[in-house]
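Oh and the sequence shown: position 5 is 4 in numbering that gives the first Met the number 0, straight run, nothing missing. What follows is one structure encoded as structure tokens, with my remarks underneath.
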Amino acid sequence: MNGFSIAIVLVGSMWLAATVPTAQAAPCLIVTLTGTQSGPSVFNGQAGAGTLVRYGDDSNDCGAMKLQFDTGRGTNMRLSQIDVSPVQLNAIFFTHMHGDHTEGFADIMMLRWYLKGPKIDIVCSSDAASVLGHTNSCRKFVMHVADAFLQSGEIAERRSEDKDRLPGGPADLTNVITFDPKNEPQVVWSSGDAKVSAIRSTHTAGHASYRVDTPAGSVVIGGDAGNDVLAPPRASSTSDQVEKLAKGVDIIVHSAFHPVLGPDRGSGFPPPSFYRQSLATDLGAMAKRVGAKYLMLTHLAPSLGAVVHNRWKVPGGPLTEADYRKAVEASGFTGTTIVGTDLATLRLPAK
Ligand SMILES: [Zn+2]
């Protein structure tokens, strides 16, 4: 390029800079763990499993869109600590119907209904028959989430104070979107330039893992996924489907077990419950294979600092963050590992 054309290009871009409005703030994504407790028990005030994904740009603190993945016990309390009201959520996604991922839903929806928030998309797997003979039904869970408050008379009473509140209570506010989880990713929700895909994964019948793609970056929420082969010998405890979903992703958020709860260590933790989850080292190996930059461990079992996890004594004493980090590093993963605590947050791009 000669000097003349460089001058033209420079003049051209200055003209563009002067006329294009500055509204094109840089897109950004924030991932926050709203709860890190593993399983039904309680420990040290930890909230039940959940992840908030916020997406937007610098002009709205990356918060134009707010997507909640799972709503374990206390999710609403954690959201209040980061100034997110249930009214602001655009959609809620469920990985599966275990209480440690769902118990906070009624709390969120009762407040959204009380505040007369808009309808909300609830995205989850369609009814799934278990080999054990029962059916896991997200749709029924959502439709009946506030039945106790209808029965107690509270819904009618608060509605008598304000007729704009819907008569059926929180269930009337929901738009349930179900899908049949498949072995290939499928788009299950989208808005603007953000899309959410899902894939089948093994844990309970109907378990699904999700991926959010935005111009600012991408995140996979694995939930409690484990390998289809339910016990060793197997190549890995992680899910082959989640690995497929996570190819080239920036962040992986995943439930993690530490080997210390394994049957060979004598804690007494039930082997089937142990084997249907992913181990920290195997998660590191998966993150490495797919080229993820960040691995956020959540739903830790055992919990950090717990002498007893649920009702099983932790062999060798309480685990520290370093213990989980060491387990991940044994895989050779060289990205950033976050050993999850409630409200741990990652931003893309990093500030
Ligand atoms: Zn769980």
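Beta carbons are placed, not taken as given, at the ideal position from N, Cα and C, and that holds for glycine.
- Distance from the CA of residue 195 to the CA of residue 122, rounded to the nearest whole angstrom, comes to 10 angstroms.
- Relative to residue 54, the option among 45, 64 and 46 whose CA is nearest is 64.
- Rounded to whole angstroms, the separation of the alpha carbons of residue 206 and residue 332 is 26 angstroms.
- Residue pairing for residue 253: DSSP places it in a beta bridge opposite 296.
- DSSP places residue 346 in the uninterrupted beta strand (DSSP E) bounded by 344–347.
- Every unbroken stretch of the beta strand (DSSP E) spanning 3 or more residues and falling wholly within the stretch 47–71 is given here in chain order: 49–56 and 64–68.
- Spatial neighbours of residue 58 in its own chain (CB-CB distance under 6 angstroms, excluding positions within 5 residues in sequence) are listed in chain order as 24.
- In the DSSP assignment, residue 337 forms a beta bridge with 295.
- Those residues placing their Cβ nearer than 7 angstroms to any heavy atom of ligand 1 are, following chain order, 37, 38, 48, 97, 99, 100, 223, 254 and 298.
- When the Cα atoms are used, residue 134 and residue 128 turn out to be separated by approximately 4 angstroms.
- Residue range 90–92 is occupied by the beta strand (DSSP E) that includes residue 91.
- Listed in chain order, the beta strand (DSSP E) runs fully inside the stretch 187–216 are 193–199 and 207–213, counting runs of at least 3 residues.
- Boundaries of the alpha helix (DSSP H) harbouring residue 273: 270–274, taken from the DSSP string.
- Annotation: the continuous beta strand (DSSP E) that includes residue 30 extends over 26–34.
- For the alpha helix (DSSP H) assignment, the uninterrupted runs of no fewer than 4 residues enclosed by the stretch 302–335 are, from N- to C-terminal side, 320–328.
- For residue 174, the enclosing beta strand (DSSP E) begins and ends at 173–178.
- Contact annotation: the stretch 214–227 does not touch the stretch 173–190, with fewer than three C-beta pairs closer than 8 angstroms.
- Assigned with DSSP and collapsed to three states, residue 226 falls in coil, not helix or strand.
- For a cut-off of 8 angstroms, the C-beta gap from residue 47 to residue 102 is around 6 angstroms, short enough to register as a contact.
- Excluding five sequence positions before and after residue 279, the CB atoms of its chain that fall closer than 8 angstroms to its own CB belong to 255, 256, 257, 258, 296, 323, 326 and 327, given in chain order.
- According to the DSSP assignment, residue 79 belongs to the alpha helix (DSSP H) that extends over 74–80.
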